[in-house]
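Heads up: the structure comes next, in structure tokens.
Residue numbers (the numbering used here): 30 to 696.
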């Protein structure tokens with residue numbers, strides 16, 4: 030789900046890039062955006078519809094958005110009926126939008142086999158929806174026709190997943206399905222009975238494809254996607270970038286800091302690291318290159334910041350609402366618990382960017398290149414829908430569905446007030462269409478995530494995995510955490526934020542809970558490492574998208590992004606050992622303050638070690654000592670904090686004095 034998808038490449042750059050950036054370069058970047066999105070963001074690999082077919086498809090999708098709004102607010106009936114109707118529509122619109130392979134350029138064309146798959150897959154779901162009551166009463170006594178239809182529905186959904194989400198998540202599901210068949214055949218050698226049991230569990234119960242992930246998607250997330258589509262058309266993305274420009278553009282290497290701030294603001298309501306990288310990166314990456322940053326560093330900054338936007342409260346790419354559901358906590362508690370880790374993450378990137386700017390001797394933007402506070406103040410009403418949404422959801426006075434619906438209306442009103450990008454009936458139609466299109470990928474991924482959870486449940490694999498990792502870890506918690514981290518990074522490759530968390534919550538979080546990690550810390554741990562898969566080579570899609578915009582080496586960009594986001598690889602270990610950072614088991618305010626201060630200084634130490642420049646260039650010994658001191662500060666404990674503070678503080682003071690001495694000697 031990407032709430033800030035580009036409408037036109039030109040619109041992404043007009044009015045927000047400072048005058049100092051070459052206009053021809055702006056045009057080149059704008060021309061590249063569509064190609065980059067289609068290469069790295071599967072949601073952008075859609076069919077080309079023009080004329081009447083485009084109008085018909087758009088109208089159907091707009092009606093689907095209105096249907097979703099109505100049903101989530103007022104719909105009644107069996108969950109199986111509502112969810113299967115929703116999934117059937119998703120399959121139909123999925124095949125109308127996504128071709129079988131990338132690069133399909135034929136206009137107004139859909140092959141016969143896609144029509145067949147669309148009819149078979151959608152028909153299977155609609156058949157179950159319209160006969161839900163009788164099929165539910167049959168329970169495990171479903172007939173062969175039901176088995177065939179269910180198997181068709183599962184296979185068609187998997188094919189649609191391949192098209193719009195990617196292969197990695199299918200590899201996981203495929204392995205689990207093979208194990209499920211093996212597990213069933215052990216007890217009964219009849220293949221049909223094994224197929225019947227698996228299809229029943231995965232297609233006809235709420236423990237499979239229409240399980241918790243798709244239920245939350247239908248109930249909450251679709252409305253937030255539609256809200257984001259309307260919010261985009263109010264011009265808020267340009268406001269965020271201009272605000273970040275004014276806030277940090279003046280400082281050393283200012284454009285990179287602008288990228289960090291704007292991507293955090295845009296990314297917190299976006300569920301696509303890649304989409305956010307390309308949309309805001311089309312503005313910020315040319316600015317960074319113009320300032321003097323290397324292309325691979327500029328692309329990495331944008332990728333790391335956009336990926337971090339997914340962990341930025343209060344929205345967290347809509348994952349906050351899922352986390353509240355899985356952890357059985359009020360939404361506001363989830364948002365509050367996410368604050369400190371997110372601050373540490375972005376502070377780490379900010380420090381790395383600042384050190385690089387000092388190392389290269391870069392300057393900030395001139396006063397003339399930055400927007401005026403007065404002009405920004407006139408546009409601050411654009412954030413009203415977002416503030417209203419957070420306020421309504423956090424108070425709990427109304428349901429999340431109602432809160433999202435009211436916020437959509439607020440976005441419409443705000444859009445009419447914005448003279449620069451006034452909301453017209455055409456834009457309202459486009460927003461409804463974009464909302465439906467954005468829901469396809471998330472719903473498909475959530476459906477697959479539900480099947481993954483169902484396979485784990487039906488085979489009892491969860492306990493096997495948990496026991497296996499617990500045995501491997503022995504009494505060493507760090508080994509269990511490291512193994513879980515690797516699982517999360519592999520499972521999270523190329524998966525949208527919300528579905529990513531669904532998979533992690535079903536497969537990896539129980540492992541950590543069994544190891545004794547508190548529930549909240551376990552869920553945050555797996556969520557963080559699922560998200561950083563987008564910047565971790567070899568499948569670092571956000572970093573590769575940033576490299577395409579920056580015209581840099583993809584692997585170098587990925588490595589730089591991983592270095593910049595080093596906090597995301599360290600902070601989860603801190604709150605796993607010290608849940609007080611998440612306001613869990615807090616013994617006092619001082620404990621939280623101590624953890625945060627030591628973590629910040631530790632992140633500075635690690636960033637200094639990776640960058641190699643603090644006031645002056647550092648030799649390898651200094652860099653090793655900085656790394657050791659930084660890591661010591663991140664290990665919970667008063668003595669390790671003292672040792673780390675002495676090492677990092679002493680090295681920094683020494684660097685300052687030596688740099689000052691060298692400067693005086695040069696004069």
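Glycine is no exception: its CB is placed at the ideal position from the N, C-alpha and C atoms. It should be emphasised that the depicted structure is a prediction, and the values quoted were computed from it without experimental measurement.
Residue state for residue 549 is assigned as helix, using DSSP reduced to three classes. Across the structure, residue 561 and residue 531 are spaced so that their CA atoms are roughly 15 Å apart. Under DSSP, residue 77 forms a beta bridge with 136.
Excluding sequence positions up to five before and after residue 225, its CB lies within less than 6 Å of the CB of 176, all in the same chain and listed in chain order. Residue 449: not part of any alpha helix (DSSP H); DSSP gives it neither H nor E.
The DSSP assignment places complete alpha helix (DSSP H) segments of no fewer than 4 residues inside the stretch 94-129 at 108-126, in order along the chain. According to DSSP, residue 646 shares a beta bridge with 642. Straight-line spacing of the CA atoms in residue 459 and residue 581 works out to 34 Å. Excluding residues up to 5 positions away in sequence, 101 and 430 lie with their Cβ nearer than 7 Å to the Cβ of residue 248 in the same chain. With 16 or more other Cβ atoms inside 10 Å of its own Cβ, residue 187 counts as buried. Assignment of residue 262 by DSSP, reduced to helix, strand and coil, places it in the coil class. Excluding sequence positions up to five before and after residue 494, its CB lies within less than 7 Å of the CB of 540, all in the same chain and listed in chain order.
Annotated three-state conformation of residue 308 is helix, per DSSP.
Here residue 343 carries a coil assignment [DSSP, helix/strand/coil]. In the displayed model, residue 430 falls within a helix according to three-state DSSP. Put simply, of 428, 270 and 205 the residue whose alpha carbon is nearest the alpha carbon of residue 401 is 270.
Residues of the same chain with a CB within less than 6 Å of the CB of residue 151, apart from the 5 flanking positions on each side, are 117, 120 and 121 in chain order. In this structure residue 239 is not in contact with residue 351, their Cβ atoms being roughly 16 Å apart against a cut-off of 8 Å. In terms of Cβ geometry, residue 633 and residue 553 do not form a close pair [threshold 9 Å]. Short of 6 Å from the beta carbon of residue 642, and not among the five residues preceding or following it, lie these beta carbons of its own chain, in chain order: 384 and 388. Excluding its 5 nearest sequence neighbours in each direction, residue 516 has C-beta neighbours in its own chain below 6 Å: 537, listed in chain order. When the Cα atoms are used, residue 636 and residue 616 turn out to be separated by approximately 30 Å. Going by C-alpha positions, residue 373 is about 49 Å away from residue 80. Here DSSP, grouped into helix, strand and coil, assigns residue 456 to helix.
With distances taken between CA atoms, residue 288 lies nearest to 337 out of 255, 86 and 337. Residue 441 and residue 163 have their C-alpha atoms roughly 42 Å apart. Classified as buried, residue 256 has 16 or more neighbouring CB atoms from the shown chains inside 10 Å of its CB.
Listed in chain order, the alpha helix (DSSP H) elements of length 4 or more contained wholly in the stretch 549-596 are 570-579 and 583-593.
Taking residue 602 as the centre and dropping the five residues before and after it, the same chain places the C-beta of 510 closer than 7 Å to its C-beta, in chain order.
In the three-state DSSP reduction, residue 616 falls in the coil class, being neither helix nor strand. Secondary structure at residue 395: coil, using DSSP grouped into helix, strand and coil. Under a 10 Å Cβ-count criterion, residue 91 is classified as buried, with 16 or more other Cβ atoms of the shown protein chains found around its own Cβ. When the alpha-carbon of residue 297 is set against those of 314, 348 and 315, the nearest one is in 348.
With fewer than 16 other Cβ atoms from the protein chains shown falling within 10 Å of its own Cβ, residue 686 counts as exposed. Per DSSP, the continuous alpha helix (DSSP H) segment holding residue 191 begins and ends at 173-193.
Here the alpha carbons of residue 419 and residue 425 stand approximately 10 Å from one another.
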